[in-house]
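What follows is a short report on a single structure.
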Amino acid sequence: METTLSEQSLELLNALQIAPRATWRQLAGVLGSKPSTLSQRWDDLRSRGVAWVTAMFSGATRHSAIAFVEVGCTMERQTALGVEFVANPNIVSVERLTQGPNFGLTIVADSLESMAMGPLEFLAGLPGVTSIQTSASVAMHHGAHLWRLEHLDKGQIETLKSIHREMTAPDTSIVLGADTRPIVQMLQLDGRCSAADIARRLDLAPATARRRLDRVLRSEEIVLRTELAQSRSGWPVNVQWFARLPAGEHDRAAQRLAELNPRMIASVTGNSNLLITFWLRSLHDVLTVEQMVEQAVPTITIDHSAVLINALKRQGWVLNSDGSTTGEFVSS
Numbered sequence: 001m002e003t004t005l006s007e008q009s010l011e012l013l014n015a016l017q018i019a020p021r022a023t024w025r026q027l028a029g030v031l032g033s034k035p036s037t038l039s040q041r042w043d044d045l046r047s048r049g050v051a052w053v054t055a056m057f058s059g060a061t062r063h064s065a066i067a068f069v070e071v072g073c074t075m076e077r078q079t080a081l082g083v084e085f086v087a088n089p090n091i092v093s094v095e096r097l098t099q100g101p102n103f104g105l106t107i108v109a110d111s112l113e114s115m116a117m118g119p120l121e122f123l124a125g126l127p128g129v130t131s132i133q134t135s136a137s138v139a140m141h142h143g144a145h146l147w148r149l150e151h152l153d154k155g156q157i158e159t160l161k162s163i164h165r166e167m168t169a170p171d172t173s174i175v176l177g178a179d180t181r182p183i184v185q186m187l188q189l190d191g192r193c194s195a196a197d198i199a200r201r202l203d204l205a206p207a208t209a210r211r212r213l214d215r216v217l218r219s220e221e222i223v224l225r226t227e228l229a230q231s232r233s234g235w236p237v238n239v240q241w242f243a244r245l246p247a248g249e250h251d252r253a254a255q256r257l258a259e260l261n262p263r264m265i266a267s268v269t270g271n272s273n274l275l276i277t278f279w280l281r282s283l284h285d286v287l288t289v290e291q292m293v294e295q296a297v298p299t300i301t302i303d304h305s306a307v308l309i310n311a312l313k314r315q316g317w318v319l320n321s322d323g324s325t326t327g328e329f330v331s332s
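Position 4, counted from 1, in the sequence shown is what the UniProt record's numbering calls 4; the numbers after and before it change by one each time, with no gaps.
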C-alpha cells in the first residue's frame with residue numbers, strides 16, 4: 001500500500017496548486033525553505049511521476065465542448081476497452097466505476113457536432129460496449145484545478161494567491177488561435193515551462209514566445225492544474241454524485257458547495273443536471289459529505305453516486321495503478 005507523501009512535499013504541492021508558476025525563490029519565501037531544496041524536491045516528485053503541472057481547457061468559455069460519458073461494457077471486453085479509451089486523444093480522462101456502468105469518461109471536442117461525429121461515434125462502434133449515457137457540460141462551476149490539499153495556513157494561501165494574480169492577470173477578451181496551440185501543447189506536458197524553453201523548442205524569437213505565453217496564461221480558455229498520484233495525497237477515495245436542482249439555483253448552489261473543497265461541480269444535461277465529485281480521506285466519509293452537500297443546498301436531490309475504483313487517464317496523462325503518471329500524454 002502506498003504511503004502518503006511527506007508533509008514538506010504536500011506543502012510544496014499545495015503551494016503549486018495555488019501558484020503553479022511561482023518561482024522557487026517566491027515559494028521558498030512562503031514555505032520557509034531554500035529555493036534549491038524546493039527545486040530538488042519537485043524534480044524528484046516529477047521524475048517519479050508522483051506530481052506534475054499541466055494545462056487543461058477550463059470549460060469556462062464557449063470555444064470547446066465537454067461531456068461526461070458513462071459507458072457500460074461486457075466483462076470480457078473491459079480490459080481491452082480501457083486500453084482503447086486511453087488511446088483516444090479526445091477522451092481526456094478514463095475512470096473505472098464501482099457500480100452501474102463500468103467506465104466514466106471525460107470527452108473534450110471543439111463543438112458538440114465534432115464530439116458526436118468523432119469520439120461518441122467511436123464509442124458506439126466498439127465491440128463490447130453495451131450502453132452509453134452522455135451528459136454534456138453546460139456550465140463548469142468548479143474545476144479540479146481549484147481543489148486544495150489543505151496543508152497551508154491562511155497567510156501562506158493569501159500570499160500565494162497574490163503571487164499568482166500578479167503573474168497571470170486574466171483577460172476575458174483573449175481568444176486563443178492557431179499560433180498559441182503549440183504553446184498550449186507544451187504547457188500540457190509541463191505547466192512550468194518557461195518562455196525561453198518555448199522559444200528554443202518552437203524556434204521563436206524570445207519576445208514572441210513571451211508574448212504568446214502571456215496570452216495563453218491570461219486566457220480564460222486554459223487553466224493550469226497541479227496534479228499528484230491520488231494514492232499518495234491523503235485523499236485516496238474518489239466519489240461522484242449525480243443530482244437534480246432547479247436551473248435557477250445552480251450558480252448559488254455551486255458557490256456553497258465550493259466551500260466544501262470538491263474536485264468538480266458542473267451543470268450538465270439530462271434528468272440529473274448537476275455532477276459533483278470529491279476526493280475523500282476514507283469510504284467512511286461518503287455519507288458525511290453527502291449530508292454536508294444536502295445541508296449546504298437543501299433543495300438538492302441526489303439521484304445516484306459511484307465510487308471510482310481507479311483512474312486510467314487524467315487530463316491526457318496515462319496513469320499507473322497507483323495514480324502516478326507513466327509519463328505518456330495522449331490528448332488532441
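The C-beta atom is built at its ideal place from N, Cα and C for all residues, glycine as well.
Under DSSP, residue 226 shares a beta bridge with 53.
Bounds of the alpha helix (DSSP H) holding residue 47 are 35-47.
Burial state of residue 216 is buried, judged by a 10 Å Cβ sphere holding 16 or more other Cβ atoms. DSSP, reduced to helix, strand and coil, places residue 300 outside both helices and strands of the structure shown, so it counts as coil. When the beta-carbon positions are compared, residue 67 and residue 19 stay at least 8 Å from each other.
The DSSP-derived three-state label of residue 330 is coil. Following the DSSP letters along the chain, one finds residue 221 in no beta strand (DSSP E), marked with neither H nor E. According to the DSSP assignment, residue 104 belongs to the beta strand (DSSP E) that extends over 103-109. Here residue 113 is exposed: its Cβ has fewer than 16 other Cβ atoms, across all protein chains shown, within 10 Å.
By DSSP's assignment, residue 96 forms a beta bridge with 103, 310.
Looking from the CA of residue 292, the closest CA among 306, 269, 261 belongs to 261.
In the same chain as residue 38, and ignoring 5 residues on each side of it, the C-beta atoms closer than 8 Å to its own belong to 12, 24, 27, 28, 31, in chain order.
With respect to residue 64, residue 143 sits apart: the two C-beta atoms are not nearer than 8 Å. With respect to residue 308, residue 96 sits close: the two C-beta atoms are nearer than 8 Å. When the Cα atoms are used, residue 79 and residue 311 turn out to be separated by approximately 13 Å. Residue 109 and residue 248 have their C-alpha atoms some 27 Å from each other. Secondary structure of residue 281 (DSSP, three-state): coil. The Cβ atoms of residue 139 and residue 267 sit closer than 8 Å to each other. Remark: C-beta atoms of residue 314 and residue 227 approach each other more closely than 8 Å.
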